[in-house]
Amino acid sequence: MAELRHATAAAAATRASSSPAKRDAESSASSSPFVASSSSPRGGGGGDGKDGAPRSSAPLHHQKYHLPSPLRSLLALEDPRSPTASASYRILVAVVACLFAAALVSAPSVWSRINAPYLCRKDGIRLHCPRVNERESLWENPHAAAASWKPCAERRNLVPENETSGYIFIHAEGGLNQQRIAICNAVAIAKIMNATLILPVLKQDQIWKDQTKFEDIFDVDYFINYLKDDVRIVRDIPEWFTEKDELFTSIKRTVKNIPKYASAQFYIDNVLPRIKDKKIMSIKPFVDRLGYDNVPMEINRLRCRVNYHALKFLPEIEEMAEKLATRMRNRTGNVNPYMALHLRFEKGMVGLSFCDFAGTREEKAMMADYRQKQWPRRFKNGSHLWSLALEKRKEGRCPLEPGEIGIILRAMGYTKETQIYVASGQVYGGSNRMAPLRNMFPNLVTKEDLASKEEIEHFKKHVTSLAALDFLVCLKSDVFVMTHGGNFAKLIIGFRRYMGRHRLKSIKPDKGLMSKFFGDPYMPWATFVEDVMITHQTRTGLPESTFPHYDLWENPLTPCMCRA
Numbered sequence: 001m002a003e004l005r006h007a008t009a010a011a012a013a014t015r016a017s018s019s020p021a022k023r024d025a026e027s028s029a030s031s032s033p034f035v036a037s038s039s040s041p042r043g044g045g046g047g048d049g050k051d052g053a054p055r056s057s058a059p060l061h062h063q064k065y066h067l068p069s070p071l072r073s074l075l076a077l078e079d080p081r082s083p084t085a086s087a088s089y090r091i092l093v094a095v096v097a098c099l100f101a102a103a104l105v106s107a108p109s110v111w112s113r114i115n116a117p118y119l120c121r122k123d124g125i126r127l128h129c130p131r132v133n134e135r136e137s138l139w140e141n142p143h144a145a146a147a148s149w150k151p152c153a154e155r156r157n158l159v160p161e162n163e164t165s166g167y168i169f170i171h172a173e174g175g176l177n178q179q180r181i182a183i184c185n186a187v188a189i190a191k192i193m194n195a196t197l198i199l200p201v202l203k204q205d206q207i208w209k210d211q212t213k214f215e216d217i218f219d220v221d222y223f224i225n226y227l228k229d230d231v232r233i234v235r236d237i238p239e240w241f242t243e244k245d246e247l248f249t250s251i252k253r254t255v256k257n258i259p260k261y262a263s264a265q266f267y268i269d270n271v272l273p274r275i276k277d278k279k280i281m282s283i284k285p286f287v288d289r290l291g292y293d294n295v296p297m298e299i300n301r302l303r304c305r306v307n308y309h310a311l312k313f314l315p316e317i318e319e320m321a322e323k324l325a326t327r328m329r330n331r332t333g334n335v336n337p338y339m340a341l342h343l344r345f346e347k348g349m350v351g352l353s354f355c356d357f358a359g360t361r362e363e364k365a366m367m368a369d370y371r372q373k374q375w376p377r378r379f380k381n382g383s384h385l386w387s388l389a390l391e392k393r394k395e396g397r398c399p400l401e402p403g404e405i406g407i408i409l410r411a412m413g414y415t416k417e418t419q420i421y422v423a424s425g426q427v428y429g430g431s432n433r434m435a436p437l438r439n440m441f442p443n444l445v446t447k448e449d450l451a452s453k454e455e456i457e458h459f460k461k462h463v464t465s466l467a468a469l470d471f472l473v474c475l476k477s478d479v480f481v482m483t484h485g486g487n488f489a490k491l492i493i494g495f496r497r498y499m500g501r502h503r504l505k506s507i508k509p510d511k512g513l514m515s516k517f518f519g520d521p522y523m524p525w526a527t528f529v530e531d532v533m534i535t536h537q538t539r540t541g542l543p544e545s546t547f548p549h550y551d552l553w554e555n556p557l558t559p560c561m562c563r564a
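Start counting the sequence shown at 1; every next residue gets the next number (the UniProt record's numbering).
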């Protein structure tokens with residue numbers, strides 16, 4: 001009987017061990033890579049040999065490893081009801097929660113950095129610009145430079161008052177671009193004082209000898225209509241005013257004590273009372289008589305509105321400029337980019353700079369006589385000018401000669417096939433002075449080369465019309481290069497920035513670099529090229545943050561542009 005009971009129990013155990021549930025459990029346990037297997041015949045966890053050392057169970061690639069307890073419990077490899085699994089689960093949840101909280105806190109900062117507009121910032125005299133992953137180009141700035149900002153000077157928050165405080169009248173002096181700035185400032189001060197602006201007169205310039213009227217160069221009707229919601233503008237002096245001859249000649253009718261870059265408050269305190277008293281007043285002189293960072297933001301935006309939107313050249317000037325730009329791009333038979341070079345090396349500019357230049361003794365003697373005649377107080381006896389000329393050249397305050405700008409452009413990588421439109425007056429020294437530049441870049445053309453005699457003759461009646469053609473062709477160029485400061489260059493750079501054309505380069509050469517190069521005859525060409533490339537990485541018209549006493553016409557970013 002005992003043997004029968006023993007046999008029955010053994011059979012039951014065999015059936016239990018061969019049941020499907022048992023086999024599935026064992027198969028699952030043996031196939032899981034996360035459960036350790038024991039090779040000990042005793043079924044213990046140690047697997048020690050006779051000498052007490054651990055026993056090697058299987059090759060390394062066959063060994064199975066434990067997961068950390070939290071992961072095992074999450075993957076249902078460990079009973080979640082056990083105390084160990086419960087504690088591990090809580091730790092994992094706490095870690096995940098901390099990571100999620102950190103992500104939430106840092107997300108706004110990361111997002112703002114990702115979406116920050118492209119903006120270069122000044123550090124002393126150096127400009128630091130954001131790095132981009134775009135390939136460098138001879139013709140274009142990084143895409144982010146143009147995609148980050150858009151013009152917004154058309155926004156109007158200014159509403160004209162019902163009654164005017166009086167009339168103001170100004171003479172816009174100088175060349176075309178200085179006159180343009182004066183017109184913008186005149187509109188601004190008319191708004192500051194709630195005065196009516198009489199259409200400015202373009203005063204004859206002593207150098208250009210030009211007698212162009214406002215209506216000969218600008219579209220008067222468009223100008224007045226565009227600004228009608230900002231300020232009142234009339235074409236002529238009111239008929240009821242009978243003392244027209246006294247304007248600009250009588251002390252009673254002229255305001256002459258306005259300092260340069262005056263604030264808006266200065267006009268309210270010192271000029272407005274006189275306008276209310278006399279009803280009509282002229283302001284003389286009016287060159288740079290309104291500041292930039294000492295006037296309200298809305299007034300600066302109004303100046304941008306005048307410059308970039310209200311002041312339009314006459315249709316025939318715009319059409320001719322478009323023809324010239326198209327001809328520049330199609331000179332080779334294929335559409336190609338072109339460079340516009342503003343070459344400031346006229347006799348008047350060379351003389352006024354009081355800088356030394358390459359030339360014969362006869363040339364320098366003639367220039368000395370010219371300077372003594374034109375600027376006798378500055379010239380004196382001429383003995384002090386040599387050291388001053390050297391100092392100015394080292395500081396980069398002298399206009400670049402044609403050959404010098406050619407060397408810089410070749411160092412920057414522009415080849416002799418580059419198509420270059422030259423905007424300049426009559427270059428001092430003529431063809432001999434231009435020869436080095438023409439040898440390096442034979443594809444130099446001017447508006448006279450691109451237009452027929454019949455086309456250009458119509459615009460020769462007014463020197464400012466010719467200057468307007470140069471202005472527009474430079475504005476439309478793929479690369480603009482200046483050789484010396486001045487209103488023309490800074491207005492072009494400001495225009496290209498405002499209209500979103502700062503994707504195309506506007507190059508301001510480092511004139512002091514040429515002094516360093518010519519002052520060191522042992523400097524190798526490769527070293528000079530490297531200096532030029534590094535120096536001009538940030539001198540290509542990129543968006544810059546404004547700074548105290550900034551120039552609105554060259555950098556309209558803060559008051560007149562918004563994030564795109």
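Beta carbons are placed, not taken as given, at the ideal position from N, Cα and C, and that holds for glycine. As the structure is a computational prediction, the values presented were derived from the model and not from experiment.
Helix, strand or coil for residue i? Go by DSSP, reduced to three states.
i: Ala-201; result: Note that residue 201 corresponds to Val in the displayed sequence, not to Ala. Strand.
i: Ala-506; result: Checking the sequence, you will find Ser at residue 506 rather than Ala. Three-state result, Ser-506: strand.
i: His-462; result: coil
i: Ser-250; result: coil
i: Leu-437; result: helix
i: Glu-151; result: Strictly speaking, residue 151 in this sequence is Pro, with Glu absent from that position. Pro-151: strand per DSSP, three-state reduction.
i: His-536; result: helix
i: Glu-391; result: helix
i: His-309; result: helix
i: Leu-341; result: strand
i: Thr-196; result: strand
i: His-484; result: coil
i: Arg-232; result: coil
i: Lys-50; result: With a pLDDT of 41 at Lys-50, under the threshold of 50, the predicted position of this residue should be treated as unreliable, and no value is reported.
i: Leu-176; result: helix
To the nearest angstrom, how far is the alpha carbon of residue i from that of residue j?
i: Arg-496; j: Pro-337; result: 16 Å
i: Trp-553; j: Tyr-498; result: 10 Å
i: Thr-249; j: Ala-172; result: 16 Å
i: Asp-277; j: Glu-239; result: 19 Å
i: Lys-347; j: Glu-401; result: 12 Å
i: Phe-100; j: Lys-122; result: 37 Å
i: Ser-31; j: Ala-94; result: At Ser-31 the pLDDT is 41, less than 50, meaning the model places this residue with poor confidence and gives no usable figure here.
i: Phe-379; j: Phe-528; result: 35 Å
i: Ile-275; j: Gly-494; result: 33 Å
i: Met-320; j: Thr-254; result: 40 Å
i: residue 637; j: Glu-448; result: Limits of the chain in this structure are 1 at one end and 564 at the other, which puts residue 637 out of reach.
i: Pro-151; j: Leu-557; result: 9 Å
i: Leu-409; j: Lys-323; result: 26 Å
i: Gly-45; j: Val-96; result: Note on Gly-45: pLDDT 42, under 50, position unreliable in the model; the coordinate value appears next. Their Cα atoms are separated by approximately 34 Å.
i: Asn-443; j: Asn-257; result: 50 Å
i: Thr-196; j: Pro-559; result: 24 Å
i: Tyr-428; j: Thr-326; result: 29 Å
i: Gly-175; j: Lys-203; result: 9 Å
i: Ile-515; j: Arg-303; result: According to the sequence shown, residue 515 is Ser rather than Ile. Looking at the two C-alpha atoms, the distance is approximately 37 Å.
i: Ser-387; j: Ile-405; result: 24 Å
How would you label residue i, buried or exposed, when you count the other beta carbons within 10 angstroms and need 16 or more for buried?
i: Glu-140; result: buried
i: Arg-563; result: exposed
i: Ser-217; result: Note that residue 217 is Ile in the sequence shown here, rather than Ser. The residue in question, Ile-217, is buried, as its Cβ has 16 or more Cβ neighbours within 10 Å.
i: Ala-340; result: buried
i: Cys-98; result: exposed
i: Ile-251; result: exposed
i: Met-533; result: exposed
i: Ser-353; result: buried
i: residue 609; result: The requested residue 609 does not occur in the structure, where the chain is confined to residues 1 to 564.
With distances taken Cα to Cα, identify the nearest neighbour of residue i among the options.
i: Tyr-222; options: Ile-407, Ala-102, Leu-311, Ala-368; result: Leu-311
i: Arg-503; options: Arg-126, His-143, Ala-101; result: His-143
i: Tyr-306; options: Asn-133, Trp-525, Ala-153; result: Position check: residue 306 holds Val in this sequence, whereas Tyr was assumed. Checking every option, the nearest Cα to that of Val-306 belongs to Ala-153.
i: residue 588; options: Leu-542, Thr-558, Cys-355, Glu-530; result: Lying outside 1 to 564, the shown extent of the chain, residue 588 is not represented and no answer is given.
i: Ala-435; options: Tyr-421, Glu-455, Gly-403; result: Gly-403
i: Arg-329; options: Glu-362, Leu-290, Tyr-421; result: Tyr-421
i: Phe-345; options: Met-482, Ala-146, Met-561; result: Met-482
i: Val-231; options: Leu-290, Ser-165, Arg-438; result: Ser-165
i: Tyr-267; options: Ile-224, Ala-190, Lys-453; result: Ala-190
i: Gln-179; options: Ile-91, Leu-491, Trp-375; result: Leu-491
Check the C-beta distance from residue i over to residue j and give it rounded, since I have them as a contact under 8 Å.
i: residue 585; j: Ser-465; result: Limits of the chain in this structure are 1 at one end and 564 at the other, which puts residue 585 out of reach.
i: Phe-459; j: His-342; result: So it is not a contact: roughly 18 Å between Cβ atoms.
i: Pro-200; j: Ala-182; result: 7 Å
i: Cys-184; j: Thr-538; result: With 8 Å as the limit, Cys-184 and Thr-538 do not qualify as a contact, their Cβ atoms being about 28 Å apart.
Please report whether the beta-carbon of residue i lies at a distance below 9 Å from any beta-carbon of chain B.
i: Ser-282; result: Annotation note: the requested chain B is absent from the structure, which comprises a single protein chain.
Does any heavy atom of the ligand NAP sit closer than 8 Å to the C-beta of residue i?
i: Arg-433; result: In terms of ligand content, the structure shown is empty, and the ligand NAP therefore cannot be addressed.
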